[in-house]
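Notes follow once the structure below has been shown.
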Amino acid sequence: MHDDVAMSTAAKELGLARGEMALAVQLGHVRTVHAAPAAATVGTGGEPVRRRVPRAELARLRAAEDFPEGLRARLSVVDAGGGAELLGITPPRFARLARAGCFSPVRFYVNRYGTVVWLYPAQELTSFAESRPELLSGNLPRGLRMLLAEGVDLRAGHWRGRRVGQLCRDAEGPWEAAAARAAVLGEDVLRESVPDAEERARLAALRPELVSVRGRSPFVRKVTEELCTAAAEDEIFWHRLMLAADLESARASETVAFEETGPSGGCAVPARSAAEGAGSDDSPKGDAACLAPRVQACARRSSAAAEPGPGRAARTGRDGSPGQVRPGQRARVLNTLRAPRRGLPWWGGGARRGGSAAQLSEQSLLHHRDDQPALGVEDQSAGQPPAARRDGGLLLVQEPLVRTEGPVEPHRVIE
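Under this note's numbering, the first residue of the sequence shown is numbered 4, with each subsequent residue one higher.
Take a look at the structure:
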């Protein structure tokens, strides 16, 4: 007997419908594993489903005291009207809180009137009401009012962040994780982020489907495509930065395998740890699609070993012109942005750090500049202003934060 079962079998044993089972996997309530090629089943869209549920996971869920009512309660989703009723507020106020990013949708659909309907986990809304009751009545904080006055709507971005985070969490390897990051970038942005045409083709072959639109009308497909593409500059920047990091990890994993096998030993698929996944696409089609780029990439790295630094830097996939950013500088930037800190953008993968994306986004939106503490003084030299410190070769001057009618000017950097 197999140690795992198909998704459809697990849904029947848990008493869940097909959509509820998919949502349980997406929210992380049901743990899944990668299926072997022989055990892959065919999904409703006609493509193989390579996720299975371990029998130990089914036993754990069924052994819970609140099963099955508790599991169904955690999978309950509501629209804006149901969310407003659940929180005891008016629908317009719920819509304002949702647009400002206080909680994130987990799904959406386009109704027959062509309107996008967002769905929110009921459990997360209840937790939000318990943790931030002051936002359910009275005036909203000034930071939220400023965002709403500018026409900000973070619902689509929050959904993309959750979906990409789930796809990266379930990725079989670094190339699959990079493909999930690239799935929300437009063609022009992806071309700038990944100059190598072979790598773009490989990412396209591994690109996951964020939402299934098979059998839907052209209008619904167009709306869905727009919602699946990052639009805000800060969101695009974050996904490009994380895509570059994933690509560097993917290239490094293949470089290690090439060094172990040697030029005469071919370019084998690198062995990955259990936490990282089983590897690239298990299907024969995926192996054939990835074989040629992998061999050619290894050949390029073999010849590039004797090239000077700038020539090798041109193949690192960085944004902008090749050779303008040193690897050490890029590593420091990546480590700084990946480090957990207050006000981290919602697209930073909050599930990996033990917090929901809604909570992280709420923190970043509700803490305005006027509430931030002043920066400490480091390496203050004689003759420097009181709020000055040195960072490498730059002298950073911290401007005082004062309450004014106009916008607060950013900190000035003086060389």
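Note that the Cβ used here is the ideal one computed from N, Cα and C, for glycine as well.
Assigned secondary structure, residue i (DSSP; H/G/I helix, E/B strand, else coil)
| i | result |
| --- | --- |
| A159 | helix |
| E16 | helix |
| V197 | coil |
| R254 | helix |
| L74 | helix |
| A174 | coil |
| G357 | Legend: pLDDT at G357 = 40, less than 50; position of this residue unreliable, value from coordinates given subsequently. Correct three-state label for G357: coil. |
| D249 | helix |
| F240 | helix |
| L122 | strand |
| F131 | helix |
| D191 | helix |
| V80 | strand |
| R106 | Note that residue 106 corresponds to Phe in the displayed sequence, not to Arg. Correct three-state label for F106: coil. |
| P57 | strand |
| V36 | strand |
| A9 | strand |
| V113 | strand |
| E137 | helix |
| T227 | helix |
| L30 | helix |
C-alpha distance - residue i paired with residue j, whole-angstrom precision
| i | j | result |
| --- | --- | --- |
| L26 | N142 | 34 Å |
| M10 | A183 | 22 Å |
| I92 | R163 | 26 Å |
| V56 | R34 | 7 Å |
| D137 | R217 | Checking the displayed sequence, the identity of residue 137 turns out to be Glu instead of Asp. Each residue's Cα considered, the two are about 43 Å apart. |
| C231 | D237 | 16 Å |
| E88 | V167 | 29 Å |
| E60 | S215 | 27 Å |
| R219 | E228 | 12 Å |
| A159 | C105 | 13 Å |
| L3 | E190 | Past the edges of the chain, shown from 4 to 418, lies residue 3, and the structure says nothing about it. |
| A235 | H5 | 46 Å |
| L19 | V113 | 24 Å |
| V226 | S252 | 33 Å |
| R243 | E202 | 15 Å |
| A204 | R135 | 46 Å |
| H371 | V155 | The pLDDT assigned to H371 is 36, lower than 50, so where the model puts this residue is not dependable; a value taken from the coordinates is nonetheless given after this. Their backbone Cα atoms lie some 16 Å apart in a straight line. |
| E72 | L90 | 21 Å |
Cβ-based neighbour list, residue i, same chain, cut-off 7 Å, excluding 5 preceding and 5 following
| i | result |
| --- | --- |
| G84 | P94 |
Same chain only: Cβ atoms within 8 Å of residue i, ignoring 5 sequence neighbours per side
| i | result |
| --- | --- |
| I239 | L188, V192, A233 |
| D82 | V120, W121, L122, Y123 |
| R224 | V216 |
Inter-residue CB distance, residue i and residue j (contact presumed, cutoff 8 Å)
| i | j | result |
| --- | --- | --- |
| R54 | H37 | 7 Å |
| E74 | L17 | Looking at the sequence shown, residue 74 is not Glu but Leu. Yes, they are in contact, since the Cβ atoms of L74 and L17 sit about 7 Å apart, within 8 Å. |
| L157 | A207 | Incorrect: roughly 28 Å between the Cβ atoms, too far for contact. |
| A14 | R21 | 6 Å |
| V80 | R110 | 6 Å |
| R210 | A185 | 7 Å |
| P63 | V8 | First, the residue type needs correcting, since residue 63 is Arg and not Pro in the sequence shown. Going by Cβ atoms, the distance from R63 to V8 rounds to 14 Å, so no, they are not a contact pair. |
| P108 | Y123 | 5 Å |
| A76 | Q126 | 7 Å |
| F222 | G146 | Actually they do not touch by this definition, with Cβ atoms about 36 Å apart. |
| S196 | L246 | 6 Å |
Within-8 Å CB hit, residue i to chain B
| i | result |
| --- | --- |
| A235 | This model lacks chain B altogether; it includes just one protein chain. |
Sequence-distant residues of the same chain with beta carbon closer than 6 Å to residue i, five excluded per side
| i | result |
| --- | --- |
| V28 | T35 |
| G86 | F97, Y123, L128 |
| C171 | A180, A183 |
Spell out a yes or no on whether the segment 118 to 131 and the segment 168 to 180 are touching, meaning 3 or more CB-CB pairs, one atom from each, closer than 8 Å. no
Whether or not the segment 244 to 261 and the segment 146 to 155 are in contact is what I'm after, with contact meaning three or more pairs of Cβ atoms, one per stretch, closer than 8 Å; do they touch? no
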